[in-house]
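Counting from 1172, one number per residue, gives the positions in the sequence shown under the numbering used here.
For every residue, glycine included, the Cβ atom is placed at its ideal position computed from N, Cα and C.
Reading through the structure tokens given below for one structure.
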Amino acid sequence: MDTSLAELVEDWHDFDVLVGTAAATLVGLMFVAASIGASVFTEKDRAALKAFISPTVVHFTTVLVIAVVALVPTHEWHTLASLLAVVGVAGAVYSTSVWIELFIHRRFNVDVVDRLFYAAIPLLGHLLLLLAALFLWRQSEAGLDLLAAGQITLLLAAIRNAWDMMIWIMIRAPTADGGSRDDT
């Protein structure tokens, strides 16, 4: 290989700074949204909170962690691949547990699009991270492209999910008459 990993990763520096900053900002906004929505959530919503808010924060945080790891300039091929594999495996296990909760247990009514964006698409993102780790282990620069694809997949799914949650909160927010916007 003619180009060192450090030189290849340097080409991705701005990308990692951009997605890492976006993910960090969005994690912070999720805490704000959860705080604002606290008046809407009741004990009966606990399972929904666990199934929707937590995965979104986890996916944003995963993108942030990957960006930080990728910005370390001293990585060797195998160390970067190993760290990404650990993140990918942990994320795939977590996404699979969300998948089971949404697709198999079905404790609450969730439409197919939500099931895809909260479980299936993030699982794809984590599998892309594992594939990136494999390519980087083999010292292929294609691993960096796969890494970016995994980060973008997780970031876009989490952005969509954050928007979905805000709509859900707004629909259930109390109105001046004491009801909620979803009362029919």
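With 16 as the cutoff for other CB atoms within 10 Å, does residue i come out buried or exposed?
i       : result
Ser1268 : exposed
Gly1199 : exposed
Ser1147 : Because the chain is modelled from 1172 through 1355, residue 1147 falls outside the range shown and cannot be assessed.
Asp1187 : buried
Thr1192 : exposed
Thr1237 : Per the sequence shown, residue 1237 should be read as Ile rather than Thr. Ile1237 should be labelled buried.
Thr1355 : A caution first: Thr1355 carries a pLDDT of 46, below 50, which makes its placement in the model too unreliable to give a value.
Thr1213 : exposed
Phe1231 : buried
Met1172 : Note that Met1172 scores a pLDDT of 46, beneath 50, so its modelled location is shaky; the value from the coordinates is reported in the next line. Answer is exposed; the Cβ neighbour count stays below 16.
Three-state secondary structure (DSSP) at residue i?
i       : result
Asn1280 : coil
Gln1310 : coil
His1246 : coil
Trp1183 : coil
Ser1206 : helix
Val1211 : coil
Thr1355 : Low per-residue confidence applies at Thr1355: pLDDT is 46, beneath 50, and the placement is therefore not dependable, though the value from the model is reported in the following sentence. Correct three-state label for Thr1355: coil.
Ser1175 : coil
Taking a contact to mean a Cβ-Cβ separation below 8 Å, would you say residue i touches residue j in this structure?
i       : j       : result
Ala1195 : Leu1235 : yes
Ala1177 : Pro1226 : no
Ile1330 : Leu1197 : yes
Val1240 : Leu1254 : yes
Phe1288 : Ala1256 : no
Phe1223 : Asn1332 : yes
His1249 : Trp1308 : yes
Below 8 Å, can you find three or more Cβ-Cβ pairs linking the segment 1317-1337 to the segment 1299-1308? Yes: the two stretches touch, three or more of their Cβ pairs being nearer than 8 Å.
Would you call the segment 1258-1273 in contact with the segment 1281-1299, where contact means no fewer than 3 C-beta pairs closer than 8 Å? Yes: at least three Cβ pairs fall under 8 Å.
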